Amino acid sequence: MTNTNAIEAHGLTKFYGDFLAVDHISFEVEQGEIFGFLGPNGAGKSTTIRMLTGVSTPTEGTAKIMGFDILKHSVEAKSVMGIVPDISNIYTELSAWENLIFTGKLYGVSKDRREKKAEELLQLFDLYDRWDEKTETFSRGMRRRVCIAMALISDSKVLYLDEPTSGLDVKSVRSIRRLIRELNEDGLTVFLTTHNIEEASQMCDRIAIINRGRIAEIDTPERIRTAMKSNQAVEIAFKEQTKGTREMLEKLSSVTEVQKRGDKLRLITNDSAQTLREILQAIDENGLVPVSLNTLGASMEDAFLWLTGAEMESEIIHRRNRRR
Amino acid sequence: MTQVTIGDRIRRSWAITVKDMKIYYMRPPALMFGILFPVALFFTFTVGRNLSPDRLIPVLSAQTVFWSASTIGPVAIPMERRLRTFERFLSAPISLIAVLWGKMMAGFIFGAGITTLATVIGILWGNQTVSNPAALVLGIGLSSMVYSAMGILFASIPTGSPGEVIVPLNFVRIPLMFVSGMFIPVENMPAAGQIVAALSPLTHTIGLLNLGTGSPSVFGFAANIGALLVWMLVFLYVGQLFHKMIMRRE
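Just so you know, the protein sequences line up as chains A and B, in that order. Take 1 as the starting number for the first sequence in the numbering used here and just add one per residue. Take 325 as the starting number for the second sequence in the numbering used here and just add one per residue.
Put into structure tokens, the structure is as follows:
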């Protein structure tokens with residue numbers, strides 16, 4: 001089993017009527033990875049997770065979870081995964097304990113095991129003091145933690161997290177991220193969908209960027225960022241800045257664009273070293289007084305926008321018409 | 325990987341039943357359409373008509389089982405769709421038919437429980453003799469299964485509002501009461517009416533309940549049982565198909 005990928009998606013496709021939500025995507029997630037699935041709203045993240053978890057049937061393609069085909073061996077595939085959807089779909093009429101025990105029963109966990117595990121999880125997620133209270137009285141962050149605990153009651157091998165920290169306060173976000181890291185260190189494979197670039201960058205071993213239903217890129221966060229060589233920048237602030245200052249910088253041969261950012265000017269370039277040389281020369285020649293000077297690499301946000309930003313409207317029309 | 329046995333499936337299905345009993349039995353739509361509505365209908369059609377207990381008790385029991393058993397599915401499933409807790413079953417290691425069976429059992433217990441209570445009260449109040457206990461028990465038990473499965477079928481309508489399931493269901497439930505020998509005995513109906521009555525599951529419920537209280541059944545015991553079994557399988561099978569169709573669309 002150790003050589004088996006935790007998740008394998010093969011040509012997953014989903015149409016909603018004429019609208020193509022997910023377009024023949026394929027990827028693999030290794031066991032023990034935290035794999036980020038990043039994309040703008042409406043890119044197809046949740047649809048993909050719904051197909052991978054058996055909630056929605058793909059129009060085409062299939063997926064294997066720990067070697068089990070989600071369509072042909074769905075019960076076996078579902079036995080090894082836990083799911084935390086984008087909303088905390090817990091039973092608010094039941095207590096945290098009852099939610100966990102019910103989920104344990106649904107996954108066929110033995111009585112002794114599910115009671116022991118439920119107790120452990122409630123303690124781990126800092127919910128033990130309110131174990132028998134109806135969850136309708138719980139805060140959003142607490143409900144999220146109950147939802148994650150429910151996904152872990154069955155000793156899952158693969159955990160799907162759909163926007164796990166969306167809409168939560170900073171304290172809850174940090175606590176949930178820490179828990180995810182700890183679970184991953186214990187060997188759990190995590191499939192994390194998010195539109196939070198910073199979260200994906202901090203948490204994930206690899207990231208797939210999905211846009212308009214297609215995979216735009218799959219790589220480590222660092223490699224995706226450094227691949228954006230065409231988007232380096234130099235940021236400079238002067239003691240006194242005039243319209244002529246900006247015009248002078250725009251004339252530098254290595255600079256492709258000058259953007260005003262507050263009291264600073266950001267110079268977009270393909271070669272930051274050459275730009276620095278040219279700036280220093282221009283400062284000398286024009287008698288300017290610099291206050292600060294920084295070189296900036298492309299951020300994950302830059303990479304994300306570059307990979308997902310172009311011509312969205314025309315693409316949506318194209319996707320609507322694909323089936324006709 | 326351990327194999328999921330039939331016993332495992334039954335246990336998981338039962339977990340859904342118990343959970344639904346805890347959450348949905350006391351919900352206002354369940355109380356209204358499962359208890360108040362059949363009781364109100366019973367009194368509307370019987371008060372002032374001076375009917376004997378052996379005629380009244382089958383009507384009381386049939387109306388109660390018909391309305392109560394068919395209400396839990398249409399209350400529970402749309403609410404679970406709205407809160408997205410229904411997705412929990414779809415992503416759990418349990419087949420759709422086992423999920424629907426668990427939901428059907430919740431409706432069955434609700435319907436059979438309330439109807440048994442109403443029937444016992446009716447029998448004691450009317451000092452009625454039970455001449456065929458097996459027919460009475462099967463009339464209540466099997467009918468609870470059939471109408472619970474009917475509710476599950478209608479609950480495949482993809483909505484998050486119980487009202488949007490209950491209204492179309494009522495378009496079927498109310499006409500069925502008038503073609504099933506509840507108010508006009510089947511033998512007094514015209515030939516076309518009798519054919520329609522034979523196709524209605526409610527006719528066969530009343531037939532069994534009549535046998536239970538000592539009155540004749542127009543189509544006979546075996547035909548009543550057979551028709552109810554067929555309707556249960558049809559409702560469950562078609563319900564499962566519709567739920568699968570919705571999964572493909574969603």
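Note that beta-carbon positions come from the ideal geometry of N, C-alpha and C, so glycine has one too. It should be emphasised that the depicted structure is a prediction, and the values quoted were computed from it without experimental measurement.
**Asked** So what does A:Ser292 bridge to, in DSSP terms?
**Response** A:Ala237
**Message:** On the CB-based measure, 16 or more other CB atoms within 10 Å of its CB, does B:Pro492 come out buried or exposed?
**Reply:** exposed
**Message:** Less than 6 Å between C-beta atoms, sequence neighbours within five positions excluded: which residues of the same chain meet that for B:Ala400?
**Reply:** Cβ within range, chain order: Asp344 and Tyr348.
**Message:** By the DSSP assignment, the beta strand (DSSP E) with A:Ala216 in it spans what residues?
**Reply:** Arg214 to Asp219
**Message:** Are the CB atoms of A:Tyr91 and A:Ile153 within a distance shorter than 8 Å?
**Reply:** Result no, Cβ atoms of A:Ile153 and A:Tyr91 do not sit closer than 8 Å.
**6 Å Cβ shell around B:Met428 - same chain, five flanking residues per side excluded** = Ser472, Ala473 and Ile476
**Asked** Can you list the residues of chain B that A:Gly108 reaches, using a CB-CB cut of under 8 Å?
**Response** Within 8 Å Cβ-Cβ: Val328, Asp332, Arg335, Arg336 and Pro417.
**Prompt:** Would you say A:Asn41 reaches chain B, if we count a Cβ-Cβ gap shorter than 8 Å as a contact?
**Reply:** no
**Asked** At what residue ranges does the stretch 108-178 of chain A contain a whole run of the alpha helix (DSSP H), taking only runs of 4 or more?
**Response** 111-124 and 140-152
**Message:** Would you say A:Lys45 lies against chain B (beta-carbon separation less than 8 Å)?
**Reply:** no
**Request:** Anything in the stretch 188-200 of chain A with a Cβ closer than 9 Å to a Cβ of chain B? List those residues in chain order, please.
**Result:** Residues of the stretch 188-200 of chain A with a C-beta atom less than 9 Å from some C-beta of chain B do not occur.
**Item:** Helix, strand or coil at A:Gln232 [DSSP, three-state]
**Value:** strand
**Prompt:** Measuring CB to CB, does A:Ala149 end up less than 8 Å from A:Leu188?
**Reply:** no
**The alpha helix (DSSP H) enclosing B:Ile570, as first and last residue numbers** = Phe545 to Arg573
**Asked** Which residues in the same chain have their Cβ closer than 8 Å to the Cβ of A:Glu311, if we skip the five residues on either side of it in sequence?
**Response** Low per-residue confidence applies at A:Glu311: pLDDT is 40, beneath 50, and the placement is therefore not dependable, though the value from the model is reported in the following sentence. Hits under 8 Å: none found.
**Request:** Apply the 10 Å Cβ neighbour rule to A:Asp23 and answer buried if 16 or more other Cβ atoms are within range, or exposed otherwise.
**Result:** buried
**Request:** Name, in chain order, the residues that DSSP records as bridge partners for A:Leu192.
**Result:** A:Gly36 and A:Leu161
**Asked** Sorted by chain position, which residues of the same chain lie with C-beta nearer than 8 Å to A:Arg114's C-beta, five sequence neighbours on each side aside?
**Response** Leu100, Ile101, Gly104, Lys105 and Ile153
**Item:** Same chain, Cβ closer than 6 Å to A:Thr220, neighbours up to 5 away in sequence not counted
**Value:** Arg206
**Message:** Please state whether the Cβ-Cβ distance between A:Pro85 and B:Glu411 is less than 8 Å.
**Reply:** yes
**Message:** I'd like to confirm the pairing. Which residues does DSSP put opposite A:His10 in its beta bridges?
**Reply:** A:Thr62
**Request:** Flag this pair as touching only if the stretch 26-38 of chain A and the stretch 206-217 of chain A have three or more C-beta atom pairs under 8 Å; answer yes or no.
**Result:** yes
**Item:** Per-residue DSSP class, three states only, for B:Thr336
**Value:** According to the sequence as given, residue 336 of chain B is Arg; it is not Thr. For B:Arg336, the three-state secondary structure derived from DSSP is helix.
**Prompt:** Is there contact here, the stretch 545-564 of chain B with the stretch 494-509 of chain B, by at least three beta-carbon pairs under 8 Å?
**Reply:** no
**Prompt:** Are any of the Cβ atoms in chain A nearer than 8 Å to that of B:Thr341?
**Reply:** no
**Request:** Would you please verify whether the beta carbon of A:Leu94 is less than 8 Å from any beta carbon of chain B?
**Result:** Interface annotation, A:Leu94: in contact with chain B, CB-CB separation under 8 Å.
**Prompt:** For B:Thr529, which option in B:Ser455, B:Phe367, B:Ala459 and B:Leu355 has the closest C-alpha, if you only look at C-alpha atoms?
**Reply:** B:Ala459
**Prompt:** Among the residues of its own chain, which have a CB less than 7 Å from the CB of B:Ile447, if the five just before and after it don't count?
**Reply:** Ile381 and Val454
**Prompt:** What is the DSSP secondary structure of B:Tyr348, counted as helix, strand or coil?
**Reply:** When DSSP states are grouped into helix, strand and coil, B:Tyr348 belongs to the helix group.
**Rounded Cβ spacing between B:Leu532 and B:Asn548 (contact assumed at less than 8 Å)** = 5 Å
**Item:** Helix, strand or coil at A:His24 [DSSP, three-state]
**Value:** strand
**Request:** Closer than 7 Å, Cβ to Cβ, to anything on chain B: give me those residues from the stretch 49-66 of chain A, in chain order.
**Result:** Thr53, Gly54, Val55, Ser56 and Thr57
**Among A:Ala282, A:Val80 and A:Leu267, nearest to A:Gln259 - alpha-carbon criterion** = A:Leu267
**Message:** Contact criterion: CB-CB distance below 8 Å. Does A:Ser172 meet it with respect to chain B?
**Reply:** Judged by the 8 Å Cβ criterion, A:Ser172 is not in contact with chain B.
**Prompt:** Terminal residues of the continuous alpha helix (DSSP H) containing B:Val496?
**Reply:** Gly487 to Phe502
**Request:** Pull up the DSSP beta-bridge partners for A:Phe19, would you.
**Result:** A:Tyr16
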